[in-house]
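Protein chains in written order, with the numbering used here: chain A, 34 to 125; chain B, 9 to 195.
In structure tokens, the structure reads:
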């Protein structure tokens, strides 16, 4: 349980979050190469979310059950997105 | 009676924490469904980048900075609560509340500017999604501010568990914005 564990260096993680935010903003400003820019933007967003979840929410100190509670709805949301893809693929 | 109420729902995990994570799971489904629908519409429709260009990237970036920082301050509040430092706890909770209010203030400025420019929820599918997702998120920020204010008022009680659970919700609100910002403003 998180309460009994040592606290990560929260300020260092915050600095990483700001750096990733800067990278995402810089990628959005690059003219052309839209696919690369969007990939970088969402890769940095995912990295930021993981940093917050693992360190600020102490998920890395939690038992597997908490991981399961957190990840199952994420998977459901991904499944929802994937199953809706044929809608716009076949509409074109 | 009281012993059965306070017993962990699952061995090793406090019942309150399991409850908050279950609540967050339902919230993930709520925002996940919205975001999934947005992505599908975004990929299937042309011209959304043009609509997104009307948003204020500066305000969006400042609000991202504010929420990331407030996530750091709320977890520092939890660390202070664990150490039993009530004044430090109040300081960091106060900074977190301030961050939430600054976020809502900028969001209000942004909404006002956009509506005055003629971009309302009825202006098209992009704007419908924009106001629904950011409005729902703003309501969550407001709820987080209220919860943190309650923690602030009860800081002398020195219950780190309550601060941790309130912080979990605040971090979730931060994570939602981490994805809303690039979806709406950057892509």
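Positions of the beta carbon are idealized from the N, C-alpha and C atoms, including for glycine.
Inset, instruction - Take the Cβ of residue 128 of chain A as the centre, count every other Cβ of all protein chains shown within 10 Å, and call the residue buried at 16 or more, exposed below. - result: Only positions 34 to 125 of chain A appear in the structure, and residue 128 of chain A is not among them; the question remains open.
Legend entry - Host alpha helix (DSSP H) of residue 35 of chain B (start-end): Looking at the DSSP string, the run of the alpha helix (DSSP H) that includes residue 35 of chain B is 23-52.
Inset, instruction - Answer with buried or exposed for residue 156 of chain B, where buried requires no fewer than 16 other C-beta atoms within 10 angstroms of its C-beta. - result: Burial of residue 156 of chain B is indicated by the presence of at least 16 other C-beta atoms within 10 angstroms of its C-beta.
Inset, instruction - Return the residue from the list B/91, B/69, B/141 that minimises the CA-CA distance to residue 110 of chain B. - result: Residue B/69 holds the alpha-carbon nearest to the alpha-carbon of residue 110 of chain B among B/91, B/69, B/141.
Legend entry - As assigned by DSSP and simplified to three states, the class of residue 186 of chain B: Helix.
Legend entry - Cutoff 6 Å; reference residue 95 of chain A; Cβ partners in own chain excluding five residues on either side: Cβ neighbours of residue 95 of chain A beyond the five flanking positions: none.
Inset, instruction - Just list the alpha helix (DSSP H) runs in the segment 133-161 of chain B, keeping only unbroken ones of 4 residues or longer that don't cross its boundaries, in chain order. - result: Runs of the alpha helix (DSSP H) inside the segment 133-161 of chain B: 133-161.
Legend entry - 8 Å Cβ cutoff, residue 134 of chain B in contact with chain A: Interface flag for residue 134 of chain B against chain A is unset, since no Cβ pair is found closer than 8 Å.
Inset, instruction - Starting from residue 100 of chain A, trace the alpha helix (DSSP H) both ways and give me its first and last residue. - result: Run containing residue 100 of chain A: 97-122, per the alpha helix (DSSP H) assignment.
Legend entry - Local conformation of residue 63 of chain A per DSSP, three classes: DSSP, read as helix, strand or coil, puts residue 63 of chain A in coil.
Legend entry - Inter-residue Cα distance where the pair is residue 27 of chain B and residue 107 of chain B: About 26 Å.
Inset, instruction - Could you tell me if residue 48 of chain A is buried or exposed, where buried requires 16 or more neighbouring beta carbons within 10 angstroms of its beta carbon? - result: Answer is exposed; the Cβ neighbour count stays below 16.
Inset, instruction - Please name the residues in the segment 63-75 of chain B whose beta-carbon is closer than 9 Å to at least one beta-carbon of chain A, in chain order. - result: For the segment 63-75 of chain B, which is checked against every Cβ of chain A, the residues closer than 9 Å are 65, 69, 72, 73.
Inset, instruction - Select from the segment 49-61 of chain B all residues with a C-beta closer than 7 Å to any C-beta belonging to chain A, and list them in chain order. - result: Listed in sequence order: 51, 52.
Inset, instruction - Give a yes or no on whether the minimum CB-CB distance between residue 86 of chain A and chain B is below 8 Å. - result: So yes, residue 86 of chain A belongs to the interface.
Legend entry - Backbone CA spacing between residue 152 of chain B and residue 22 of chain B [nearest angstrom]: Computed Cα separation, rounded: 21 Å.
Inset, instruction - Report all residues from its chain with a CB closer than 8 Å to the CB of residue 179 of chain B; omit the five preceding and five following residues, and keep chain order. - result: For residue 179 of chain B, where only same-chain residues beyond five positions count, the Cβ hits under 8 Å are 79, 82, 83.
Inset, instruction - Identify the contact partners of residue 107 of chain B in chain A, using a Cβ-Cβ distance below 9 Å as the criterion. - result: By Cβ distance, chain A contributes nothing, its closest Cβ being about 12 Å from residue 107 of chain B, past 9 Å.
Inset, instruction - With a 10 Å radius around its C-beta and 16 neighbouring C-beta atoms as the bar for buried, classify residue 29 of chain B as buried or exposed. - result: So residue 29 of chain B ends up on the buried side.
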